[in-house]
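Heads up: take any position in the sequence shown, counting from 1, add 897, and you land on the working numbering. Report on the structure given below.
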Amino acid sequence: MAVTYGYSACTTGELYHNQQTYEIRSFENTGQRACQYIFSMDEDALRGLSPAADPQTQARALQYFEQLKSVGDGWKLCAESFMNPHYSSNDHVRFFCLQVVEHFLKERYASVNIEDQQMIRNMIGQYLQLQGSSSAADRSFIRNKMGQVISLAFIVDYPHRWPSFFSDLSQALTPSPHLVDIYLRIFLAIDSEVVDRDIVHTNQEIQRNTLIKDTMRDQCIPQLVDTWYQIMITYQTSHPEVCCMCLEVVGKYVSWIDINLIANDKVVAALLRFMSQPLLRESACDCILDIINKGMDSIAKTKLVESFTSVLESQGILSPPEDEEGDFMAKLSKLINGIGVNLIISWQKLSKTGDTEASEMALQALENKVPLMFRFLGDEDDDVSSGVTQFSQDYIALLKQMKPISQKQRQNMEGLLYTVIKKMKYDESYNFEHEGEEEAMFQEYRKQLKTTFNNLAALDSDLVLLTVHTYVTQTLPQWEERDVCDIEIAILLLYTLGEALPATQGQHFSGESNKVTALQEMMRLLVTSRVSCQGHTAVVLQFFETVVRYDKFFNCEPQHIPDTVMAFTDERGFRHPSSQVRSRTSYLFSRFVKSLRSHMQPFLEDILKRIQGLLVINTPDNGYQQLMSGEDQLFLYETAGSLIVNSSLPAEKKQELMKQLLSPIATKFEGLLAKLEAETDERKKLAYAHSINTATALASRVSKGFSNSQTMQLCGCSDTFTHLLRIFLQALNAPTHRQQIQTGVRQYLHRMVVCMEKEILPFVPIVMENLLKKPDAKELHDFIPLMNQLIMKFKRDIGPFLQKVFMPLVQAIYHALTIPADALDQETAEERKMLRRSYFLFLSTLISNNSVDVLGNQAVRSTELCSPGLSWIELANPEVTDETAKTVRHNCGLLYV
């Protein structure tokens, strides 16, 4: 069925659609009576398609769009409107119309009648005809969408309903670059629908696509390839963009058509010519890569790759000058990567077949390409270098399978290692102060190089260890005379060995003597060379990262601990000009201390003195000008607490040091609370509330130093933390920002339940009393886990208290759940849902911890404290299916909400 370049046949009359009236005008076309729809769309709605339209008008356009999609003949209106000269200059309306037609093709086209099929083909034919005669092309997004629309009609109609699709398409083709452009976009769109492996297809779609490809191979592919070749030759000079698109089409289709249609003298000669033309060479390079990537027999693939490589080398294309343009070099790099990867795959397959001769041929072909890989991997442009990363990694994997490896392969390994080290180094253009997109891209590339480095270490650990040892020992002793980038890479290589070399029993300083000796020598040099004084952010950060990675080194040589601690606490670490360094070292020092706590006793008081000035809480009064942020101080306080608790000092001394550490928090807290209550400026109130929350968080982190062997009581610190608790509880009466303040106090209480014994119990009623003053659902939900923690730890010991507070708590929950709220307020609804769940978990905790008597004594009190008829088991909807609620009902034998 040929494309009809006209309008659909019809009778004179009126067509009514969507309350719009369309007049039909009769006219003669090639001796047949035909008609044309003269119509008017909703112009007011179409105004909403303009980017400058207001939200209300845009919403109306969207509504109109959905209306046209849902009405049976809405697509017809849009198909005619798309071709209407009235809208020829309004791309937004035309794109809108194509979207409606696209929806029709996807959802309903497969089941339409012949007349509707013909109307779609008329639209296609008329559009192609107009493009062939037009002096100006449509915008690219219109052409892309039209290509997609045609491809959607194609996958439904071809081959059964429209077997002549490609011949009709070819007949419509004229020597017009605009029409050729559309022609090629149709093929790209068909590829997306039929071949693209990134799109997940159903089994039915897979069968459909297979039928389409089989039919195309049988009927028209040779003719299409010849057409593509003619297009490339015709437009290579006059319209290189058309030639480039045609190369893209060839690259897409070569994956499933006969390779001989493309890999022949005629096409390859054209590709080679294009490789020397600046406007075509990148597309030609991509096309050759697509040809090489085609799935085929391993022997044939090896011959194909060798053939292409030979002609490319003979033309000097694979040996570009040093100043070659970067984008083309990046394309060449990807081509070299494809050549290498495909040869490796061929070798692997041939090795399994036992065909020694073919396997050796593939291996020799691969080895000949390794120098090309080195050339592009070592290129100064990281985009070029990264293009062959996969080739380099796959080559290393291949060498792992080779036993033994040859001398030449060993030299390749060494060359690859030195190239990787060179490329891992920062270059002079790297902006350490203001890292942007380029810096982020380099860091990602560096990760790829580290992977290659690690793979080399897995292949030959001795080679990597010796190379790094040489680099470090030649760089660090002369660090004052070396460039920053040289120093940083030397320390980074030492650090990376920790990932690259296997550790014995979790650490690197036991086991094989050569490795241990080399690592110890390098670490000794790192900490004694005073390279940490270099000052540059990158060097200092890498120094501390490496020190912490190899913290076990200090167990072997503890004499280096004082100098390392000094580096952490002076201008190299905590007081470094860079906030990034200060922040990172606060965390790393906490890890360093925890790992070496047994060696820290002699330096305890000196460390506390050194960090004392950094422990001042940031407040609005000091303008937050402290060197350490509140988050960084959390690590410092935790480190200080751990040092005190794990020291061998007597309990009295520990208590004294802990009091010195925490007293400033108590003093600052009371002052902040007073200022919060007196402040009238809302912004400052929030700032004070934040500082109060930070103070409680810092005290909580100090308590993390306690353990089962070093309890708070054994260390004599209970009174100090109890005193803080009394002060913190005052904040529960804060008139504003209750949630933020209570979060900090609750966190501290949780820690005290863990660290204290029964001395915590007298404070719980105070907490309850303050909490039950007009709490909301979220506050109660956040508080119940604390009650559960108390019950699980103290069980029956907390029974008398629970008897008193149970019904007031139930009453507070009931009140929070019954406060009127907007039915559309999803946040409140979710908070109430979570509160109900927490309530059932609370009941379950009582039951599972032998406190069920508390529940049995509540029946009488329920009617006294709650609304008439309300019991503690009637808090919510009886249809709740929460598993915890089911457990409560099962264990108690009671009705539940």
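Using N, Cα and C, we set each Cβ at its ideal position, and we do this for glycine too.
Do residue j and residue i count as a contact pair if the criterion is CB distance below 8 Å?
i            : j            : result
residue 1365 : residue 1390 : yes
residue 1562 : residue 1554 : no
residue 1489 : residue 1448 : yes
residue 1086 : residue 1045 : yes
residue 1582 : residue 1573 : yes
residue 1612 : residue 1551 : yes
residue 1600 : residue 1652 : yes
residue 1485 : residue 1441 : yes
residue 1667 : residue 1630 : yes
residue 1233 : residue 1288 : yes
residue 1645 : residue 1593 : yes
residue 1025 : residue 990  : no
residue 1481 : residue 1524 : no
residue 1475 : residue 1443 : no
residue 1255 : residue 1196 : yes
residue 1374 : residue 1426 : yes
For the alpha helix (DSSP H) that contains residue i, what are its first and last residues?
i            : result
residue 1566 : 1548–1575
residue 1150 : 1137–1150
residue 1321 : 1304–1321
residue 1119 : 1118–1132
residue 1652 : 1635–1652
residue 1620 : 1615–1626
residue 1667 : 1661–1668
residue 1682 : 1674–1691
residue 1044 : 1037–1054
residue 1602 : Element bounds for residue 1602: n/a, residue is neither H nor E.
residue 1503 : 1501–1508
residue 1210 : 1195–1211
residue 972  : 971–980
residue 1701 : 1696–1715
residue 1727 : 1723–1745
residue 1170 : 1162–1171
residue 1024 : 1011–1030
residue 1459 : 1458–1466
residue 995  : 988–1004
Quick one: grab the DSSP three-state call for residue i.
i            : result
residue 949  : coil
residue 1592 : helix
residue 1177 : coil
residue 1298 : helix
residue 1333 : coil
residue 1098 : coil
residue 1381 : helix
residue 1631 : coil
residue 1071 : coil
residue 962  : helix
residue 1284 : coil
residue 1448 : coil
residue 1348 : helix
residue 1427 : coil
residue 1472 : coil
residue 1612 : coil
residue 1105 : helix
residue 1523 : coil
residue 1497 : coil
residue 1376 : helix
residue 955  : helix
residue 1093 : coil
residue 1292 : helix
residue 943  : helix
residue 898  : With a pLDDT of 34 at residue 898, under the threshold of 50, the modelled position of that residue is not reliable, and the figure given next carries that caveat. Residue 898: coil per DSSP, three-state reduction.
Would you say residue i reaches chain C, if we count a Cβ-Cβ gap shorter than 8 Å as a contact?
i            : result
residue 1197 : Included in the structure is just one protein chain, with no chain C present.
Inside the segment 1214–1274 only - alpha helix (DSSP H) runs reaching at least 4 residues: The qualifying runs are 1223–1250 and 1253–1274.
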